[in-house]
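Order-wise, the sequence lines are chains A and B. Just so we're on the same page, my numbering is the position in the first sequence counted from 1, plus 36. Just so we're on the same page, my numbering is the position in the second sequence counted from 1, plus 36. Think of the CB as a built atom: it goes at the ideal place given N, C-alpha and C, for glycine as much as any other residue. Shown next, in structure tokens, is the structure this report addresses.
Protein chains: 2
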Amino acid sequence: MKSPVYMIIVEDIREKINSGKLKPGDDIPSETALCNEYATSRMTVRKGLAILANDGYIYSIPGKGYYVKKPEYNKYTIYYDEMNNLINNVDNTKLLGVDIVMPHDELAHSLQISKKKKVIMIRRLFYTDGEPMAYDVKYLIYQKGMPIVEKEIKEATFPEMISKNMSLFAMKKELMIYARTPEEKTKKMLNIYDDLSLLVVEQKLYDSKDKPMGLGITYFRGDYIKLHGISQ
Amino acid sequence: MKSPVYMIIVEDIREKINSGKLKPGDDIPSETALCNEYATSRMTVRKGLAILANDGYIYSIPGKGYYVKKPEYNKYTIYYDEMNNLINNVDNTKLLGVDIVMPHDELAHSLQISKKKKVIMIRRLFYTDGEPMAYDVKYLIYQKGMPIVEKEIKEATFPEMISKNMSLFAMKKELMIYARTPEEKTKKMLNIYDDLSLLVVEQKLYDSKDKPMGLGITYFRGDYIKLHGISQ
DNA sequence: CAGTGGTCTAGACCACCTC
DNA sequence: AGGTGGTCTAGACCACTGA
């Protein structure tokens, strides 16, 4: 159960920052000073400091030294996937249609394409326990290898649809989350009879050169979804 | 503009993964093999591999080797702060009240306290351009040094309220995001006359020992807020 | 057993900052 | 000029995995 030296350095300094003994802007002892303090080599000290820097506790200025960083107190990590969320998972899907359409103004602008370039529109309904919980629309710029098999379309999440042609690593993604009151058409599809709100999640996918590849919009029944985020 | 050797190694391997030449599960050449390939020392190779591991591209198994990782295609980072969002920033606030209350069942459970322990309830209204855009309630477990000056309460975000007593680093935070239809009382406060939805964000703060310190609930007018998340 | 990654050393040279 | 961090070397010993 013996911790390596670099880990002891990490824990010592992290504890001083967490407890407030070291405050944002304060400076950390120099590498050579820490070498002496822990009777170890410079590379070992540097390994510890690199970990603290990576975790957002400290930063370094070449020629000057290491300093305590101001924490990003408003940063959260959220795991989103239109098929799974905190309350319910999608256990069944219904494909409403796959169509080739001309993009409307807003969509053409969002995908950074000409209004004359056709896009694929995939519409689905998601179910939990037999109840419709979300209406889902995807707009894809067509590329070779795009999913055309119904089974592939029905069960796939947005990144999976596109990953047929490219590595999931190279894809950049963006989320937009907001609340909306459903239109009559949507209320009907989702079996909503009273005034229920929708949680809308827009998902935009980009290739490694920041060119948009597709836009997905999922309209969740407000009582069927909660998104969950955690700090660091 | 010459890149250090370890960076060249990082870029080479990352490119192979992004382009799909290396797929999840594939193995990376061993450290000694890379030492030969790049005519460099083991520590330099290890520095490059550490960066790739940290970025989620690869992982290592001691005694075996390095492998390409399956990407977390559903991970997003979101910067949330009740005072600022993509559409509007809060430019004015109104303090509706600061009260000492007995927690109701749900709140006592959420904060993991007895129903007999009193909590501080802070209620505020947020404005943009003179329009009320959100109703905000915070429940705080009282501790020495809690904000009692009205100015401090009015302008502070949730982490800032608590950071009077502790380092922001030590605080763990949790978000819950969902959509709700407003009650009559809320509609009145937010000047809502038609059927507008609310985006509700619950924020829960924990100390470094995972003990809840407070719960904040912000009810945003659906037309005044969009949350934004990005991958990696 | 040979090969792998994990930890660590005791040097080195460089670019940068401050005095 | 002396101190700082950034890069790099050529070794070492260890624990672990697989044949």
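Listed by chain order, chain B residues near residue i by CB distance under 8 Å
{"i": "A/Asn-90", "result": "Asn-90"}
{"i": "A/Met-202", "result": "Gly-56"}
{"i": "A/Asn-110", "result": "Tyr-115, Tyr-116, Asp-117, Thr-193, Pro-195"}
{"i": "A/Ser-244", "result": "Asn-54"}
Secondary structure of residue i, DSSP reduced to three states
{"i": "A/Pro-168", "result": "strand"}
{"i": "B/Thr-193", "result": "coil"}
{"i": "A/Asn-227", "result": "coil"}
{"i": "A/Ala-69", "result": "helix"}
{"i": "A/Gly-258", "result": "helix"}
{"i": "B/Lys-111", "result": "strand"}
{"i": "A/Ser-55", "result": "coil"}
{"i": "B/Leu-241", "result": "strand"}
{"i": "B/Met-202", "result": "coil"}
{"i": "B/Ala-144", "result": "helix"}
{"i": "B/Thr-129", "result": "strand"}
{"i": "B/Met-157", "result": "strand"}
{"i": "A/Lys-38", "result": "coil"}
Under 9 Å by beta carbon: chain A residues contacting residue i
{"i": "B/Phe-162", "result": "In chain order: nothing, as chain A lies at least about 16 Å away."}
{"i": "B/Tyr-255", "result": "Those within 9 Å of B/Tyr-255 in chain A number zero; the least Cβ separation is about 10 Å."}
Amino acids of chain A, ordered along the chain, whose beta-carbon sits closer than 8 Å to that of residue i
{"i": "B/Gly-258", "result": "Tyr-214, Ala-215, Arg-216, Thr-217, Ser-233"}
{"i": "B/Leu-263", "result": "Leu-211, Met-212, Ile-213, Tyr-214"}
{"i": "B/Ser-96", "result": "Ordered by position in chain A, no residue passes the 8 Å Cβ test against B/Ser-96, which lies about 15 Å from the chain."}
{"i": "B/Pro-168", "result": "Within chain A, no residue comes near B/Pro-168; the closest Cβ sits about 16 Å away, beyond 8 Å."}
{"i": "B/Tyr-93", "result": "Phe-205"}
Neighbouring residues, chain B, relative to residue i (Cβ below 9 Å)
{"i": "A/Ala-206", "result": "Ile-53, Asn-54, Ser-55, Gly-56"}
{"i": "A/Met-249", "result": "Result: empty, since nearest Cβ-Cβ is about 13 Å, beyond 9 Å."}
{"i": "A/Pro-139", "result": "Ordered by position in chain B, no residue passes the 9 Å Cβ test against A/Pro-139, which lies about 21 Å from the chain."}
Status (buried if at least 16 other CB within 10 Å, exposed otherwise) for residue i
{"i": "A/Thr-193", "result": "buried"}
{"i": "B/Pro-40", "result": "exposed"}
{"i": "A/Thr-68", "result": "exposed"}
{"i": "B/Lys-174", "result": "buried"}
{"i": "A/Glu-220", "result": "exposed"}
{"i": "B/Met-79", "result": "exposed"}
{"i": "B/Gln-268", "result": "exposed"}
{"i": "B/Glu-118", "result": "buried"}
{"i": "A/Ile-97", "result": "exposed"}
{"i": "B/Gly-61", "result": "exposed"}
{"i": "B/Val-236", "result": "buried"}
{"i": "B/Ser-66", "result": "exposed"}
{"i": "B/Ile-266", "result": "exposed"}
{"i": "B/Gly-99", "result": "exposed"}
{"i": "B/Tyr-229", "result": "exposed"}
{"i": "B/Tyr-178", "result": "exposed"}
{"i": "B/Ile-87", "result": "buried"}
Residues sharing a beta bridge with residue i, DSSP
{"i": "B/Ile-64", "result": "B/Tyr-102"}
{"i": "B/Leu-122", "result": "DSSP, once it has assigned bridges, lists no residue as partnering B/Leu-122."}
{"i": "B/Ser-96", "result": "B/Tyr-102"}
{"i": "B/Leu-88", "result": "DSSP output for B/Leu-88 lists no bridge partner at all."}
{"i": "A/Ser-150", "result": "Paired residues: none, contrary to the question."}
{"i": "A/Ile-49", "result": "According to DSSP, which records beta bridges pairwise, A/Ile-49 is partnered with nothing at all."}
{"i": "B/Met-138", "result": "Answer is none; B/Met-138 lacks a bridge partner."}
{"i": "B/Ala-215", "result": "B/Leu-235"}
{"i": "B/Glu-210", "result": "A/Ile-266, B/Lys-240"}
{"i": "A/Val-173", "result": "A/Arg-159, A/Ile-253"}
{"i": "A/Asp-117", "result": "A/Asn-120"}
Contact set between residue i and chain A, taken where Cβ atoms lie within less than 7 Å
{"i": "B/Tyr-103", "result": "By Cβ distance, chain A contributes nothing, its closest Cβ being about 14 Å from B/Tyr-103, past 7 Å."}
{"i": "B/Asn-227", "result": "Within chain A, no residue comes near B/Asn-227; the closest Cβ sits about 16 Å away, beyond 7 Å."}
{"i": "B/Asn-72", "result": "Neighbours of B/Asn-72 on chain A: none; closest Cβ ~22 Å, over 7 Å."}
{"i": "B/Ser-267", "result": "Lys-208, Lys-209"}
Interface partners of residue i on chain B, CB under 7 Å
{"i": "A/Pro-107", "result": "Leu-204, Phe-205"}
I want to know whether the stretch 211-224 of chain A touches the stretch 141-161 of chain A - three or more CB-CB distances under 8 Å. no
Please confirm if the stretch 45-55 of chain A is in contact with the stretch 48-56 of chain B, defined as three or more CB-CB distances below 8 Å between the two stretches. no
Is the number of C-beta pairs between the stretch 147-158 of chain B and the stretch 78-93 of chain B that are closer than 8 Å three or more? no
Stretch-stretch touch, CB-based, cutoff 8 Å, three pairs: the stretch 101-111 of chain B with the stretch 233-251 of chain B: no
Would the stretch 118-137 of chain B count as touching the stretch 164-171 of chain B if we require 3 or more Cβ pairs under 8 Å? Judged by Cβ distances under 8 Å, the stretch 118-137 of chain B makes contact with the stretch 164-171 of chain B, as three or more pairs qualify.
Indicate whether the contact test is met: 3 or more Cβ pairs, each with one atom in the stretch 50-60 of chain B and one in the stretch 255-267 of chain A, closer than 8 Å. no
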